[in-house]
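Report on one structure; see the data block that follows.
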Amino acid sequence: MSKDRTHPLDIASLRAKLGATSGQHYWRSLEELAGTKEFDEMLHREFPRQASEWPSSLDRRSFLKLMAASLALAGLSSCGVQPEDKIVPYVLTPEGVVPGLPLMYATAFVMGGYAVGTLVRSHEGRPTKIEGNPAHPASMGATDIFMQAAILTLYDPDRSQVVTHRGLVTPWEKFVDEIRPALDAQLALKGSGLRILTETITSPTFASQCRALQQRFPEARWHQYDAVGSDAVREGARLAFGSYLETHYRIDAADVIFSLDSDFLCYGPASLRYSREFASRRKPGSGEKHMNRLYVVESNATNTGASADHRLPMKPSQIEQAARLLAREIGLEGVQVGSMTLSDGQQRWIVSAAKDLQAHRGACVVIPGEYQAASVHAIVHAVNQALGNAGRTVIHTDPVEARPENQLASLSALVSDMNAGKVDLLLMVGGNPVYDAPADQDFTKAMNNVPLRVHLGLYDDETASQSHWHIPQAHPLETWSDARAFDGTVTIMQPLIAPLFNGVSPHELLSVFLGETGVSSHDIVKNFWRSQQGDRGFESFWQDALNGGIVPATAAAVRNAIVSGSPASWAPAAAQTEGLEIAFRPDPTIWDGRFANNGWLQELPKPLTKLTWDNAAIMAPATAQRLGLATADLVSLTYKGRTQNFPVFILPGQPDGCVTVSFGYGRTRTGKVGSGTGFDAYRLRTSDALWSGGGLSVQKTGERYPLSVTQEHHAMEGRAPVRHATLADFLKHPEFASELVEAPAREETLYPEYKYEGYAWGMSIDLNACTGCNACVVACQAENNIPIVGKEQVANSREMHWLKIDQYFSGDLDNPRVDSQPRMCVHCENAPCEVVCPVAATVHDSEGLNVMVYNRCVGTRYCSNNCPYKVRRFNFLEYSDNQALTFAMQKNPDVSVRSRGVMEKCTYCVQRISAARIEAKKEDRPIRDGEVVTACQSACPAQAIVFGDINDMKTKVRQSKSDPRTYGLLAELNTRPRTTYLAKVTNPNPEIEEESHSS
Amino acid sequence: MAQIFHPSMKVISKASIVALVIIIGALSLAGVLSYRSSYYTSASEPREQVVPFSHEHHVSGLGIDCRYCHTSVEKSSFAGIPPTSTCMTCHSQVWTGSPLLAPVRESYRTNTPLRWNRVNDLPGFVFFNHSIHISKGMGCQTCHGQVDQMPLVWRQESLYMSWCLDCHREPEKNIRPRSEVFNMKYKAPQNQEELGLKLVKEYSVKTKQLSDCSICHR
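Chains as they are written, first to last, in the working numbering: chain A, 1098 to 2096; chain B, 8 to 225.
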């Protein structure tokens, strides 16, 4: 992002410019479109001015002296005797451990209470990488960004490591001793002063402990609160069906999908599954099942919207109107639409979508957004029923949560009890209510009325600072527990490593409150399951559950639910207001703030904005134009009397009149990584407007706040990287993608043709399946020991991600189409980088890989200069963290950790290829298709990335490359990339003439 | 005008140029040779250990196979150093009072591992895999020397990349039948080259691929 601009972009002229262009025209940012001087300059220098400038004032003479000295010394540094090392075996080798061979253990990752099954790779007792569990219904082998990054949180040295009492380090035993009199006092009162606050719980063991606690303290109360809660979902189900029912969808059975502000492809307990199912219906080749169609109505720009065939941005207050209009068009009786603020074009759009849905009765689905009002959910339940989707694309089950409740009401009850002085002992298990409770509740003030407050948490955070006792929580990878997936399937979670930092599991803490002593979480979980299963055959049940990662037959029972409420009784949410609206959303990478200290997630470019290390007030170009704002201007947002500053970010595609802020930033007590990042949106969030509201006012402060955005970094300058056609065009010209640009014939080269006998590794990436979720980026970072560089270095274009998701906007400024393209080293057969390395540090191997030999590299950077894809990353500084011992434990021992001065890039996971080849050779057989799975391929929920041997005609990658949509990125340069892409084909509704969406 | 330089400078200047050339040459030669000497490679220098474990006694004397202790050599990249419990399989009953074995007993008793000094070590940027070498007919002896005759272990070969490449480029010079891999008394036959080429073919050793950088460096 340009830091020097002092005047806002002229949005009107940008609009005119876009209107004047014809044909496909891709742009990555507004600055690129405007062709500003700063952008052009940034383009021509691969690393911006700041990156290559000498940082301090040093005169020429001293510089030469320094250089001479370092040159003289440089030669000597590597010519020493190899330092002597120790070799330390075990005393008693643990069973099954073979040093050098990793083991995989099945467990689960829990977010919002819901589990996604994982297989965690462990090297000599240290977990190093998280993969999905193919047998688990919520994972199907895939992972999302939070699952991949969880391993870094395990090893975070900023996690709390000791029990503290009023800030002083205290042994755990002392806590157990001192809590006993308070518990005894509560026993006498039947627990009327005891309150337990947790996050959403699905764990059967935890629930049984809570029930036992309720028996011990009959008048105690258990409250659940999650900042990203699903109160409206539960309430909507209650309105429609009379009781809380869980709803999930069968996306692969749907021909038409209509999303009402739901980012179902990227976030949510079932998002991995939905992504897989959606991608499976996204193959346009003839002979396949009919390609599906996705309509998205949304109030902020999401990846699901980017994957849509038709997208309609609208303000949050208008989404309910859209839902009601849709319901009326479907023919639902009694739905009040109210005063219409949607434009005629928007109404026509919804009517066409409704017709499309009706044409596919029983094979369509309407998905309401999690953050919509309860009435919207109820209406959508009725709509789905009217369309005959129930039981086919929409499945209702018994609740999965242990005790579903209205969490906001529960929290408010707790706050009012605390304010009334009724609470003597408050136990907080996880969560950070001081930071993320709604601002109007003033949780801190209420909490200070409680004489004894105990907090269990991973970090010494805002809530811990307000509690008498803070107990370090054992990370889920360090302890035993269990949890349920979106469909109810139970996974028994097992530890991969003993607690690194004296962590205590929630089960162990509750057992103290139950009056038990010295019971480990292993015994608690195992005893619970023994009580469920009985003693007969229990050991084999236990072993099977731990081995496979799922407890069979625990899915929640499916219910044939009929909508019993009457739509007329579902009043619309609060009256619409004029003026600017604000939308609160969990941050796409930090979520509700819990990952603020996770460096991988902080540096992960957020979808669509590609912002790192900060959050921003995202607004549409039209809004910014009206207010006279530019990106990175610091503005003050005032909402319901509360004020908070945010930097502006102008995002094409954001609805006009709505400002979206993400919460999770602006934390005051987090570790070294999270401190000083972003701005706290919780300050503006109140109980009556948890997700959106009107009446926002924006004031300029006159200051600017630098934002580190990766959107323009490593640009490829105007060539046709993403290729797209509609389904109709594709069926007429299947090979449109490769015909777009003329690539030279294979014979047109000076180099002799090299015959690849044996394996020839190649990759194919399906752009139709890719949603831009970034799971592959974090997976690559975890697998290959890729460092983070920090905000300032990202601003200098020095982020080290080997794999980036590039985003290309095209079309109208207010509602552009967004295409995501993963880009990593494409392993050119005619690699431009190999011929220019003076020390032969990057060479080609006999299987087609472009190999990077770190020990030879001297840091000329000529290879990066020559690479047209700009996929090489240079370690300008010592980015790898060699200080923290725990981060060394996370590193993959099969991949070098690079030091300063060395170039690196995607290696096609050569360590995995090597391991597979060695195993195959030992067993005297060829490598099977699917035996080598790169980290990115394994993480992708949509299976967009396919890797394998292209010399073998039967491999999946070979079939993928024979798809007519195949094209090579920059193939016209005759680089002969081994990674090819499948062009994007969308399936627009021919009846919808969208003025604002080019196709 | 007066001569600045004494006539003897005629000889001295020529001689000093020659001397300079000789000295530079000698220094370079010394540098190169010293780099290949055992000072740098630590070859043929027995290493002091916590416990003076004698391979000669255990292998030649008692006939214990390499794999009794180095258990993962056929399965994993790392051959494996035996855990203390392996030593105790015998030494809980034999030489139970020996002072030389006191560190072993102490280690078993206190559950603290023994810290051996590493003899055969490669730099961190080299990823060497034992199991594939065993599988393709490389004897222990070829790289590690006559370990069965070492009272204390020393590094037999330099383990330099050039030494590895000598074999990687011509594996037929060192390959032996799979059944002889753990045979410490095996001697290469007269027709090693011919036998070697036959074995290379039989064991599908792809010699061309063995010189790829990515085989060892990643």
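Heads up, the beta-carbon is just placed ideally off N, CA and C, and yes, glycines get one too.
Keep in mind that this is a model prediction, so the values were computed, not measured.
How about residue i: is its C-beta nearer than 8 Å to some C-beta of chain A?
i, result
"Ile-162(B)", "Per the sequence presented here, residue 162(B) reads as Arg, with Ile not at that position. Chain A contact via Cβ: absent."
"Thr-96(B)", "no"
"Ser-51(B)", "no"
"Arg-176(B)", "no"
"Asn-136(B)", "yes"
"Asp-128(B)", "yes"
"Phe-132(B)", "yes"
"Arg-225(B)", "yes"
"Leu-69(B)", "no"
My assumption, with CB atoms under 8 Å, is that residue i sits in contact with residue j. Please give the rounded CB distance.
i, j, result
"Pro-1413(A)", "Cys-1755(A)", "6 Å"
"Val-58(B)", "Pro-90(B)", "Not confirmed; about 14 Å, so no contact."
"Val-1409(A)", "Ser-1356(A)", "Residue 1409(A) is actually Leu in this sequence, not Val. That belief does not hold up - the Cβ atoms of Leu-1409(A) and Ser-1356(A) are roughly 10 Å apart, past 8 Å."
"Gly-1662(A)", "Ala-1424(A)", "The Cβ separation is near 13 Å, so there is no contact."
"Ala-1317(A)", "Leu-1291(A)", "4 Å"
"Tyr-193(B)", "Gly-146(B)", "6 Å"
"Ile-2047(A)", "Ile-1862(A)", "That belief does not hold up - the Cβ atoms of Ile-2047(A) and Ile-1862(A) are roughly 14 Å apart, past 8 Å."
"Leu-1511(A)", "Arg-1550(A)", "About 12 Å; that fails the 8 Å criterion."
"Arg-1373(A)", "Ala-2039(A)", "6 Å"
Would you verify that the beta carbon of residue i is, or is not, closer than 8 Å to some beta carbon of chain B?
i, result
"Leu-1189(A)", "yes"
"Glu-1385(A)", "At Glu-1385(A) the pLDDT is 49, less than 50, meaning the model places this residue with poor confidence; the figure from the coordinates comes in the next sentence. Not one chain B Cβ lies under 8 Å of Glu-1385(A)."
"Ser-1977(A)", "no"
"Gly-1855(A)", "yes"
"Ser-1149(A)", "Because Ser-1149(A) sits at a pLDDT of 47, beneath the cut-off of 50, its placement in the model cannot be relied upon, and the point is left open."
"Lys-1183(A)", "yes"
"Val-1933(A)", "no"
"Ser-1608(A)", "no"
"Lys-1852(A)", "no"
"Ser-1943(A)", "yes"
"Pro-1849(A)", "no"
"Leu-1611(A)", "no"
"Lys-1380(A)", "no"
"Gly-1197(A)", "yes"
"Lys-2019(A)", "yes"
"Val-1940(A)", "yes"
"Val-1936(A)", "no"
For residue i, tell me which candidate among the options has the shortest Cα-Cα distance.
i, options, result
"Tyr-1468(A)", "Leu-1597(A), Ala-1668(A) and Ile-1416(A)", "Ile-1416(A)"
"Val-1992(A)", "Gly-1197(A), Ala-1595(A) and Leu-1362(A)", "Gly-1197(A)"
"Ile-2144(A)", "Thr-1215(A), Leu-1265(A) and Arg-1263(A)", "Only positions 1098 to 2096 of chain A appear in this structure, which leaves residue 2144(A) out of reach."
"Glu-1559(A)", "Asn-1546(A), Ala-1580(A), Gly-1528(A) and His-1572(A)", "Gly-1528(A)"
"Ile-1227(A)", "Tyr-1211(A), Ile-1248(A) and Val-1207(A)", "Ile-1248(A)"
"His-1604(A)", "Leu-1597(A), Glu-1613(A) and Phe-1598(A)", "Glu-1613(A)"
"Gly-1333(A)", "Leu-1454(A), Val-1480(A), Ile-1276(A) and Gly-1696(A)", "Val-1480(A)"
"Asn-1994(A)", "Cys-150(B), Val-133(B) and Gln-216(B)", "What sits at residue 1994(A) in the sequence shown is Val, not Asn. The shortest C-alpha separation from Val-1994(A) is found at Val-133(B)."
"Thr-1765(A)", "Ala-1419(A), Tyr-1976(A), Gln-1563(A) and Gly-1435(A)", "Gln-1563(A)"
So who's on the other strand from residue i, going by DSSP bridges?
i, result
"Asp-1539(A)", "Answer by DSSP bridge pairing: none, since Asp-1539(A) is not bridged."
"Thr-1767(A)", "BP columns for Thr-1767(A) are empty, so no partner."
At a Cβ cut of 8 Å, what residues of the region 205-223 of chain B count as close to chain A, listed as they run along the chain? Ser-211, Lys-213, Lys-215, Gln-216, Asp-219, Cys-220, Ser-221 and Ile-222
Using a Cβ cut-off of 9 Å, which residues of the region 1946-1962 of chain A contact any Cβ in chain B, in chain order? Leu-1946, Val-1948, Met-1949, Val-1950, Tyr-1951, Asn-1952 and Arg-1953
Give the residues from the region 113-126 of chain B that approach chain A closer than 9 Å (Cβ to any Cβ), ordered along the chain. Ser-114, Tyr-115, Thr-117, Asn-118, Thr-119, Pro-120, Leu-121, Arg-122, Trp-123, Asn-124, Arg-125 and Val-126
Using a Cβ cut-off of 7 Å, which residues of the region 76-100 of chain B contact any Cβ in chain A, in chain order? Ser-79, Lys-82, Ser-83, Ser-84, Phe-85, Gly-87, Ile-88, Pro-89, Pro-90, Thr-91 and Ser-92
Give, in chain order, every residue of the region 1999-2014 of chain A whose Cβ lies closer than 9 Å to some Cβ of chain B. Thr-2004, Val-2007, Gln-2008, Ile-2010, Ser-2011, Ala-2012 and Arg-2014
Could you list the residues in the region 1400-1420 of chain A with a C-beta less than 9 Å from some C-beta on chain B, going in chain order? none
Residues of the region 29-60 of chain B whose Cβ lies closer than 9 Å to any Cβ of chain A, in chain order: Gly-38, Tyr-42, Tyr-46, Tyr-47, Thr-48, Ser-49 and Arg-54
Note down, in chain order, all residues in the region 1965-1998 of chain A with a beta-carbon under 8 Å from any beta-carbon belonging to chain B. Asp-1991, Val-1992 and Ser-1993
Which residues of the region 137-151 of chain B have a Cβ closer than 7 Å to any Cβ of chain A? Give them in chain order. Ser-138, Ile-139 and Ser-142
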